[in-house]
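Below: one structure, written as structure tokens.
Protein chains: 2
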Amino acid sequence: MRISQYFMPILRDDPKEAEIASHRLMLRAGMIRQEAAGSYSWLPTGFRVLKKIEQIVREEQDRAGAIEVLMPTIQSSDLWKKSGRYNAYGPEMLRIKDRHDRDMLFGPTNEEMITDIFRSGVQSYKDLPRNLYHIQWKFRDEVRPRFGVMRGREFLMKDAYSFDLTREAGQHSYNKMFVAYLRTFARMGLKAVPMRAETGPIGGKDSHEFLILADTGESEVFFDRDFYDMDWTNFDIDYDDVGKVAKLVEDFTAKYAATDEKHDQAEFEGRVPEARRLTGRGIEVGHIFFFGTKYSDPLGCLVQGPDGKQVAVQSGSYGIGVSRLVGGIIEASHDENGIIWPEPVAPFKVGLINLKAGDAETDQACEKIYQGLTAKGVEVLYDDTDERPGGKFKVMDLIGLPWQVIIGPRGLKDGIAEVKNRKTGERSNVPLADIVGKFSA
Amino acid sequence: MRISQYFMPILRDDPKEAEIASHRLMLRAGMIRQEAAGSYSWLPTGFRVLKKIEQIVREEQDRAGAIEVLMPTIQSSDLWKKSGRYNAYGPEMLRIKDRHDRDMLFGPTNEEMITDIFRSGVQSYKDLPRNLYHIQWKFRDEVRPRFGVMRGREFLMKDAYSFDLTREAGQHSYNKMFVAYLRTFARMGLKAVPMRAETGPIGGKDSHEFLILADTGESEVFFDRDFYDMDWTNFDIDYDDVGKVAKLVEDFTAKYAATDEKHDQAEFEGRVPEARRLTGRGIEVGHIFFFGTKYSDPLGCLVQGPDGKQVAVQSGSYGIGVSRLVGGIIEASHDENGIIWPEPVAPFKVGLINLKAGDAETDQACEKIYQGLTAKGVEVLYDDTDERPGGKFKVMDLIGLPWQVIIGPRGLKDGIAEVKNRKTGERSNVPLADIVGKFSA
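Chains A and B supply the protein sequences, listed in that same order. Just so we're aligned: the first sequence equals residues 1 to 441 in my numbering. Just so we're aligned: the second sequence equals residues 442 to 882 in my numbering.
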């Protein structure tokens, strides 16, 4: 993509309304634009990041055996009245009357609807287990939305729902999602620590939050330093191996880790030697719940068991804040000059900077590299504008692409380009002929 | 995907509420489920088709130089009040009060918001032309939603918006989208005839609808039989070649084609010899508008021209009904047994039928083919259930995958499988060893 033909409205100054780094940087880098309180348009680079995160989430859900569906944003209130949550949910639920004066709502979550979908399609225990998920926009009418996409009102969420015959089978479904979450966040370059959590308005028996550490996190967290020494990359697991999946969950829940809501100082001190006790702040990026028959009971979600009797199914729900993760990753990965994207979620892999656009020789050299990388499937953002070099460097650092390739008349004389790694700041001179070969899609 | 682990709730009987084939078949095949009047959940196979259509639309928008963004579903009413459409739009607009009693709405379209986004990011004619699009759920509160996803209330639409300095440049942007639409629909196996159209509530100067022919179409259409003899596949064009793009548009608009709204019988008879006059019914799947400064004037969307003066930008908008296309394709492609998917949008390419699930030899043969095709990236739906063969054949015909591979003990003895083409009904015996080689991803 050529910046001269792109839409990436960079802000020179820090926007006043932005209290935290991710909000400030997303606005400055032209990734998002506020349309109403807590509601954002995703501009081209922001959209690309959002889609990459969504795709990683999708791939890991599919790998764990979850099946993708898509439920509408607007729901009838009928099922919510049945489950008792229509009145319980409070003013965060966006309630709507349609033209026939029927009570509708913008879904804040989908336990009721998915339970009803499942119920109407499955009659027998033979059709279990199942896990259905979707990635859809939700709306929660927060009193005071803030922190940009971190606490917006309209947000993109992946929510999965498992259905099992027994408590034990339900535990395995829960464990599979637990491991899928470890894998998902690891692929984005994040260490998301699982912490025992309150079940909140979802209700239920067992629940873990996944938190990434960042100074701006909404929760205070307490955890064992040993988490840092665990292997966060080696989650290549057979999901059908009940024992191994359970073992992995055990490994990641054996050590102390709790948010302020669940924290027990005495237990913390008892279980963790002082030198290993860490406290900090965390951002919730995922939350999983096991709630048994909480929804299947009132909604009549029964299957015929092996003995011919009707049994209420055992369920869990599993959320990932897809749009929130865009902000969360920035909170965990930026410096004073801007964003530092982990490669798997970067809007482009390479930023190509033409230091003298309009100069025939420089243009030609850039064009050749641009075409070469593009042909290989490497995503390149090419700064072909006539801005001054200083401005171009600043913008490239701000938007945070993992690699910068800098081409100017001086280097060209020696047949070299400068390659900069955004994260480490390392610079090296690379022969022009080697640039395309240096990157893979 | 194994049907024993999938979620595809097949209905045995025709649902009473379905008046047209696509609605009936989508419900029967377990592709969708109604959640409220005109509002559907997309179950796994329906979701897959929706995503494939969305992806073709996206690729062709990108190819034509449009840039993808994503605007929120819920909009503030402010811009709509400025443009004058807040009152003009009528009861089809879903109006919402948030908890602070602010007027919000579920976007039925995005001219206002995108114009404002563009205005805030672009100041100079040097940044033109631009075309920004998004693929997002819309809501129009139809009095009487019907025909399933063909006239739903919540529907997925691609809407693109072009911005140009002059009328002439705007015309080229319009023409590019025109050609992109021909390409898009052709890739789905459709001949979507462009017809001059009313501009309706969008307003403006020039407009074409793209209609596919089907008995259940909502519009009566009148057109020249010559359309059938045109080349609908060869749209490999350089979008920067203004003349060639214009020529292609001219070719596809030179012949008579009109919906009842724009039809002129005298002109029809004057221009088209009787033998070539066709009438029928059509389903609108795309609609493009050129509206000049209709929105840029009231919303103050100005750029600095080459002479330093401020000029209102020339705009157009370009819609494709993504979710509607799922129904439209079925209307155009089905028989008495079910859906006949064109390959590019089929939920799976191959349906693998195990005629004797549980029999070790048959299971093993099926498994080998299932694994082989999957490894090659061929999408297979494997019927590994213990249903009777007759039921399996019926379901496979109903869901309409392009190819069926049928494996049973009798064929196995001779080392063959039966391969059936869903569209032609042709059957052939293929050696087991050749099955995997026969299909490509």
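Just so you know, even glycine gets a beta-carbon here, dropped at the ideal spot from N, CA and C.
Mind listing the chain A neighbours of residue i? Cutoff is C-beta to C-beta under 7 Å, in chain order.
i: Trp483 of chain B; result: Val69 and Leu70
i: Ile537 of chain B; result: Leu94 and Ile96
i: Val590 of chain B; result: None at all; the shortest Cβ gap to chain A is about 11 Å.
Using a C-beta cutoff of 7 Å, does residue i count as contacting chain B?
i: Ile74 of chain A; result: yes
i: Ala36 of chain A; result: yes
i: Trp80 of chain A; result: no
i: Phe185 of chain A; result: no
i: Leu268 of chain A; result: Checking the sequence, you will find Phe at residue 268 of chain A rather than Leu. Chain B, which has no Cβ nearer than 7 Å to the Cβ of Phe268 of chain A, makes this no.
i: Asp159 of chain A; result: no
i: Arg99 of chain A; result: yes
i: Trp137 of chain A; result: yes
i: Asp13 of chain A; result: no
i: Asp297 of chain A; result: no
i: Asp141 of chain A; result: yes
Given a cut-off of 7 Å on the beta-carbon distance, is the pair residue i and residue j in contact?
i: Pro91 of chain A; j: Arg540 of chain B; result: yes
i: Val395 of chain A; j: Ile10 of chain A; result: yes
i: Glu552 of chain B; j: Val763 of chain B; result: no
i: Arg24 of chain A; j: Asp14 of chain A; result: yes
i: Glu198 of chain A; j: Glu261 of chain A; result: yes
i: Val877 of chain B; j: Ser869 of chain B; result: no
i: Gly282 of chain A; j: Leu182 of chain A; result: no
Along chain B, which residues have their Cβ under 7 Å away from the Cβ of residue i?
i: Arg130 of chain A; result: Phe448
i: Ser39 of chain A; result: Pro513 and Ile515
i: Phe47 of chain A; result: Glu509, Val510 and Leu511
i: Asp206 of chain A; result: What Asp206 of chain A touches in chain B: nothing, since even the nearest Cβ is about 25 Å away.
i: Ile117 of chain A; result: Arg474 and Ser482
Counting along the chain, where does the alpha helix (DSSP H) carrying residue i start and finish?
i: Arg281 of chain A; result: Premise fails: Arg281 of chain A lies in the beta strand (DSSP E), Arg277 to Gly292, not in any alpha helix (DSSP H).
i: Lys523 of chain B; result: Asp519 to Ser524
i: Met618 of chain B; result: Arg608 to Arg628
i: Lys879 of chain B; result: Leu873 to Lys879
i: Ala773 of chain B; result: Val763 to Ala773
i: Tyr566 of chain B; result: Neither: Tyr566 of chain B is in no alpha helix (DSSP H) and is coded neither H nor E.
i: Phe789 of chain B; result: Element bounds for Phe789 of chain B: n/a, residue is neither H nor E.
i: Gln805 of chain B; result: Ala801 to Ala816
i: Lys413 of chain A; result: Pro409 to Lys413
i: Ser296 of chain A; result: Looking at the DSSP string, Ser296 of chain A is not in any alpha helix (DSSP H), and its letter there is neither H nor E.
With respect to the beta strand (DSSP E) encompassing residue i, which residues constitute its N-terminal and C-terminal limits?
i: Asn545 of chain B; result: Checking the sequence, you will find Met at residue 545 of chain B rather than Asn. Segment Asp544 to Phe547, the beta strand (DSSP E) holding Met545 of chain B.
i: Leu211 of chain A; result: Asp206 to Leu213
i: Pro44 of chain A; result: From DSSP, Pro44 of chain A is part of no beta strand (DSSP E) but of the alpha helix (DSSP H) over Pro44 to Arg63.
i: Ala601 of chain B; result: Glu595 to Asp605
i: Pro843 of chain B; result: Segment: none, Pro843 of chain B is in no beta strand (DSSP E) and carries neither H nor E.
i: Arg33 of chain A; result: Ile32 to Ala36
Looking only at its own chain, which residues have a Cβ that is under 7 Å from the Cβ of residue i, when we skip the five neighbours before and after it?
i: His263 of chain A; result: Phe222
i: Arg587 of chain B; result: Glu460
i: Ala882 of chain B; result: Lys817, Gly818 and Val819
i: Ala442 of chain A; result: Since the first residue shown for chain A is 1 and the last is 441, residue 442 of chain A is missing from the structure and cannot be characterised.
Taking 6 Å as the cut-off, is the CB of residue i close to at least one heavy atom of the ligand FMN?
i: Gly852 of chain B; result: Absence of the ligand FMN from the depicted structure is noted, as is the absence of any ligand whatsoever, leaving it without description.
Report all residues from its chain with a CB closer than 6 Å to the CB of residue i; omit the five preceding and five following residues, and keep chain order.
i: Met534 of chain B; result: Leu546 and Pro549
i: Asp673 of chain B; result: One detail in the question is off: residue 673 of chain B reads as Trp in this sequence, not Asp. Ala627 and Lys632, listed in sequence order.
i: Tyr382 of chain A; result: Arg2, Leu352 and Tyr370
i: Pro830 of chain B; result: Leu796
i: Val69 of chain A; result: Leu132 and His134
Checking contacts by CB at 7 Å: is residue i closer than that to chain A?
i: Trp844 of chain B; result: no
i: Glu595 of chain B; result: yes
i: Gly562 of chain B; result: yes
i: Pro532 of chain B; result: yes
What residues from chain A crowd round residue i, counting only those whose CB sits closer than 8 Å?
i: Trp782 of chain B; result: None at all; the shortest Cβ gap to chain A is about 18 Å.
i: Met545 of chain B; result: Ala36
Kindly list, in the order they appear in chain A, the residues whose Cβ is closer than 9 Å to that of residue i.
i: Pro788 of chain B; result: Within 9 Å Cβ-Cβ: nothing; Pro788 of chain B doesn't reach chain A, min ~12 Å.
Excluding the 5 residues flanking residue i on each side, which residues of the same chain have their C-beta closer than 8 Å to its C-beta?
i: Leu842 of chain B; result: Trp782, Ala787, Pro788, Phe789, Lys790, Val791, Gly792, Leu822 and Arg863
i: Tyr884 of chain B; result: Because chain B spans 442 through 882 in this model, residue 884 of chain B falls outside it and cannot be assessed.
i: Asp582 of chain B; result: Pro532, Glu533, Met534, Leu535 and Arg594
i: Glu476 of chain B; result: Ser482
i: Tyr736 of chain B; result: Ser524, Glu552, Glu553, Thr556, Cys742 and Ser756
i: His649 of chain B; result: Phe619, Pro635, Met636, Arg637, Ala638, Thr694, His728 and Ile729
i: Gly813 of chain B; result: Ile876 and Val877
Residues of chain B with CB under 8 Å from residue i, in chain order?
i: Met113 of chain A; result: Glu476 and Ser482
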